[in-house]
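A.B. asks: One point on numbering: in numbering that gives the first Met the number 0, the residue at position 212 of the sequence shown is 211, and numbering is uninterrupted.
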Amino acid sequence: MNAQNPTLALPGQPHVAYVNDQLMVESVRLSDLAREHGTPLFVYSKAAMLSALAAYQRGFVGRNAQICYAMKANSTLAVLQVFAEAGCGFDTVSGGELARVLAAGADPAKVIFSGVGKTRAEMKQALQVGIGCFNVESEAELDVLSDVAVGMGLKAPVSLRVNPNVDAKTHPYISTGLKGNKFGIAHEDALRSYRHAASLPGLQVVGIDCHIGSQITEATPYLDAMDRVLDLVADIEAAGIPIEHIDFGGGLGINYNGDTPPEADALWAQLLAKLDARGYGQRKIMIEPGRSLVGNAGVCLTEVLYLKPGEQKNFCIVDAAMNDLPRPAMYQAFHQIVPVQPRLANVGAADRVYDIVGPVCESGDWIGRDRALQVQAGDTLAVLSAGAYCMSMASNYNTRGRAAEILVDGHHAHLIRQRESAFDTFALEQLV
Ligand SMILES: *Cc1c(COP(=O)(O)O)cnc(C)c1O
0 MNAQNPTLAL
10 PGQPHVAYVN
20 DQLMVESVRL
30 SDLAREHGTP
40 LFVYSKAAML
50 SALAAYQRGF
60 VGRNAQICYA
70 MKANSTLAVL
80 QVFAEAGCGF
90 DTVSGGELAR
100 VLAAGADPAK
110 VIFSGVGKTR
120 AEMKQALQVG
130 IGCFNVESEA
140 ELDVLSDVAV
150 GMGLKAPVSL
160 RVNPNVDAKT
170 HPYISTGLKG
180 NKFGIAHEDA
190 LRSYRHAASL
200 PGLQVVGIDC
210 HIGSQITEAT
220 PYLDAMDRVL
230 DLVADIEAAG
240 IPIEHIDFGG
250 GLGINYNGDT
260 PPEADALWAQ
270 LLAKLDARGY
280 GQRKIMIEPG
290 RSLVGNAGVC
300 LTEVLYLKPG
310 EQKNFCIVDA
320 AMNDLPRPAM
330 YQAFHQIVPV
340 QPRLANVGAA
350 DRVYDIVGPV
360 CESGDWIGRD
370 RALQVQAGDT
380 LAVLSAGAYC
390 MSMASNYNTR
400 GRAAEILVDG
410 HHAHLIRQRE
420 SAFDTFALEQ
430 LV
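(1) If you draw a straight line from the C-alpha of Val27 to the C-alpha of His14, how long is it?
(2) For Arg227 and Gly212, I'd like the C-alpha separation in whole angstroms.
(3) So what does DSSP say about Phe182, is it helix, strand or coil?
(4) Take the Cβ of Cys132 as the centre, count every other Cβ of all protein chains shown within 10 Å, and call the residue buried at 16 or more, exposed below.
(5) Any idea what DSSP makes of Val157, helix, strand or coil?
(6) Whole beta strand (DSSP E) runs in the segment 234-318 with 3 or more residues, listed along the chain?
(7) Tell me the DSSP bridge mates of Asp354?
(8) Could you tell me if His411 is buried or exposed, where buried requires 16 or more neighbouring beta carbons within 10 angstroms of its beta carbon?
(9) Closer than 7 Å: is that where the CB of Arg227 sits relative to any heavy atom of ligand 3?
(10) Quick check: what's the CA-CA separation for Asp90 versus Leu304?
(11) How about Gly400: is its Cβ closer than 7 Å to a heavy atom in ligand 1?
(12) Going by Cα to Cα distance, which pick from Arg351, Ser384 and Pro325 is closest to Ser394?
(13) Would you check whether ligand 1 has a heavy atom nearer than 7 Å to the C-beta of Ala72?
(14) Taking the straight line between their C-alpha atoms, what separation do you get for Ile415 and Ala272?
(15) Taking 7 Å as the cut-off, is the C-beta of Asp90 nearer than that to any heavy atom in ligand 1?
(16) Starting from Gln65, trace the alpha helix (DSSP H) both ways and give me its first and last residue.
(17) With a cut-off of 8 Å, does the C-beta of Tyr68 fall near any C-beta of chain D?
(18) Confirm the yes/no value for this check: CB of Ser291, any heavy atom of ligand 1, distance under 7 Å.
(19) Say whether the segment 303-319 touches the segment 357-371, bearing in mind that this needs 3 or more beta-carbon pairs closer than 8 Å, one atom from each stretch.
(20) Pull the bridge partners of Asp464 from the DSSP assignment, please.
(21) Helix, strand or coil for Thr219? Go by DSSP, reduced to three states.
(22) Counting only the same chain and skipping the five closest in sequence on each side, list residues whose C-beta sits under 7 Å from that of Asp378.
(23) Please classify Leu36: does DSSP put it in a helix, a strand, or coil?
(24) With DSSP collapsed to three states, give me the class of His334.
(25) Going by Cα to Cα distance, which pick from Thr398, Arg418 and Val431 is closest to Phe425?
(26) By Cβ distance, which residues of its chain are closer than 8 Å to Thr118, with the 5 residues on each side in sequence left out?
(27) Smallest Cα separation from Gly400: which of Ile336, Gln417, Arg191 and Gly278?
(28) Determine, using beta carbons only, whether Pro288 and Ala69 come nearer to each other than 8 Å.
(29) From the DSSP output, in three-state form, read off Pro107 for me.
(30) Just to confirm, is the Cβ distance from Ile432 to Ala197 under 8 Å?
(31) Could you check the C-alpha separation between Glu138 and Arg342 for me, to the nearest Å?
(32) Roughly how many angstroms lie between the CA atoms of Ala224 and Asp275, to the nearest whole one?
(33) Which residue comes first and which comes last in the beta strand (DSSP E) that contains Asp208?
(34) Quick check: the segment 77-92 against the segment 111-129, are there 3 or more CB pairs under 8 Å?
(35) Suppose you measure from the CA of Ser384 to the CA of Val431; what does that come to, to the nearest Å?
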């Protein structure tokens, strides 16, 4: 950030950088966006999304593979459109997500439907549009799905989500591949469940899937899960039930705070070597990445409202809150927080350590703790790595309208979601 070095890249944020002391997303100045659209404001880089996707695509060159973006990470229509236009399929977890992704132009044949609690209405909706596969999570669900499909004169394509019982070594709330959580069918029950699925009139077994957790930063859990799943494939096929595709789920982590997850292409080079070694190299592969495609493609801009120095803590009160950025409150998650226009030393603001908190009436409403910052009221801060599990988890708590969203593409900044007004938040309610 000086004359000799006008561009300063931020670690893990491929398309976010300071250029002449101005934080930019691609070629757009964030201070301009904050002025024009107000805060809190989410800003995404299309190039960052496409380069994250390209790492997976490089990994799968020459393979029969389908990437299904797990859209719960960020389900804004224009974000889905970017991935649909790049050829992605989608992993959905509700009828709402299915309707949303079709509205964004997805090919239903490339959409899969995951989740432990699909309703009959959702199953019917998915069968009507012709989705590619149901990822079923229990024997009871197999029975209901078969019943719904028979009622429609159809056969539902199914994969069973198996629980490989490996420890993804991540936060307990986002670890899903261990015994004792609600997801998937236990490894030892899988063969029985496949036999049951194959016997039901409304089902067509097409695959097997697993998803062991989220924000995984090591290759080992994936390699272990692959071994466990391939053992099952061998057993299931020996029982006369062919498995067309193997879906290894999502979960690859991103760099939030010096985390060093493997690159997608390097991870898949290792995994594909194992697949080849075990004789499954020709099989159709599917994956369901979410966070790793969008997490580091977005920032959330927020304005400093007040500085509140205290005896034990200094608070920096900003206009974004837990309803906009729920991850710290939910998982004690870390987001880097940086100034959009850094103050040069000795001009006013003192360098202090702050807890960055929002206006919501909860002590859990914090965005960052113990951060050294040089700020004044009126400054704009950027909360980094805010592309995944932020806007898609945002709420209206405290009757706060949800933030606006911008998609940057080179020099262009597209408004892809308007800021919600207070009126919008109660528009569907009625007085008695
Ligand atoms: C959430 C989820 C994903 C995506 O997880 P990421 O950690 O965002 O990659 C993939 N598959 C299933 C079934 C999920 O529930």
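Backbone N, C-alpha and C fix where the C-beta goes; we use that ideal spot for every residue, glycine too.
In this text the structure is predicted, and so the values were computed from the model without any measurement.
C.D. replies: Concretely, from the data shown:
(1) 10 Å
(2) 15 Å
(3) coil
(4) Buried, because 16 or more other Cβ atoms sit within 10 Å of the Cβ of Cys132.
(5) strand
(6) 244-246, 283-286, 297-307 and 314-317
(7) Phe314
(8) exposed
(9) By its list of ligands, the structure shown excludes ligand 3, since it contains just ligand 1.
(10) 39 Å
(11) For ligand 1, no non-hydrogen atom lies closer than 7 Å to the CB of Gly400.
(12) Pro325
(13) yes
(14) 40 Å
(15) Indeed, a heavy atom of ligand 1 lies less than 7 Å from the Cβ.
(16) Counting along the chain, Gln65 falls outside any alpha helix (DSSP H), though it belongs to the beta strand (DSSP E) covering Ala64 to Ala69.
(17) Among the chains of the structure shown, chain D does not appear; only one protein chain is present.
(18) yes
(19) yes
(20) Here the chain covers residues 0 to 431 and nothing more, so residue 464 does not appear.
(21) Residue state, collapsed to three classes: helix.
(22) Val303 and Pro338
(23) The sequence as given places His at residue 36; Leu does not occur at that position. In this structure, His36 counts as helix in the three-state DSSP scheme.
(24) coil
(25) Thr398
(26) Gly94
(27) Gln417
(28) yes
(29) Pro107 falls in the helix class under three-state DSSP.
(30) The question about residue 432 has no answer, for the chain in this structure spans 0 to 431.
(31) 60 Å
(32) 15 Å
(33) Per DSSP, the continuous beta strand (DSSP E) segment holding Asp208 begins and ends at Leu202 to Asp208.
(34) yes
(35) So the two alpha carbons sit approximately 43 Å from each other.
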